[in-house]
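Inspection log for the structure reproduced underneath, given as structure tokens.
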Amino acid sequence: MSDVMIRLQEVDLELEMIGAIRNMRISPSRTVAELKIAIAAQLCVPHHDIRCVIERYYNTLKLLDAPSKTLHVEGFQKTNKV
286 MSDVMIRLQE VDLELEMIGA IRNMRISPSR TVAELKIAIA AQLCVPHHDI RCVIERYYNT
346 LKLLDAPSKT LHVEGFQKTN KV
């Protein structure tokens with residue numbers, strides 16, 4: 286399986302601020318927990334403070350709350366916004 290492109294949008298809920306969009310590539314065979322660790326490394330924040338939400342079709346949002354599920358099972362396609 287080839288990697289998927291993820292567009293990261295950092296949102297600080299306490300400060301009500303939206304950060305710049307960043308891009309990263311990751312294998313769809315990685316788990317949600319591994320995705321959070323990779324995002325934490327990109328954003329320089331603790332991974333346990335991260336909540337991931339994927340933007341689906343028509344701006345539908347889905348919380349990624351099952352750490353053991355793979356990104357493929359969660360429905361990640363070629364390009365995704367998290």
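Numbering-wise (our numbering), the sequence shown opens with residue 286 and increments by one. Where is the CB? At the ideal position from N, CA and C, for every residue including glycine. Owing to the predicted nature of the structure, the values given are computational and were not obtained by experimental measurement.
Cα-Cα separation, K354 to A326: Roughly 20 Å separates the two Cα atoms.
Would you mind stating whether L293 and I311 have Cβ atoms separated by less than 8 Å? L293 places its beta carbon 8 Å or farther from that of I311.
Less than 8 Å between the C-beta atoms of H357 and S314, yes or no? Result yes, Cβ atoms of H357 and S314 sit closer than 8 Å.
Under 8 Å between C-beta atoms of I291 and N344: Here I291 is not near N344, since their CB atoms are 8 Å or more apart.
Buried or exposed, going by whether 16 or more other CB atoms sit within 10 Å of the CB of I303? Classified as exposed, I303 has fewer than 16 neighbouring CB atoms from the shown chains inside 10 Å of its CB.
Beta-carbon separation of I339 and E319 under 8 Å? No, they are not a contact pair.
Cross-strand partners of L293 (DSSP beta bridge): Per DSSP, R307.
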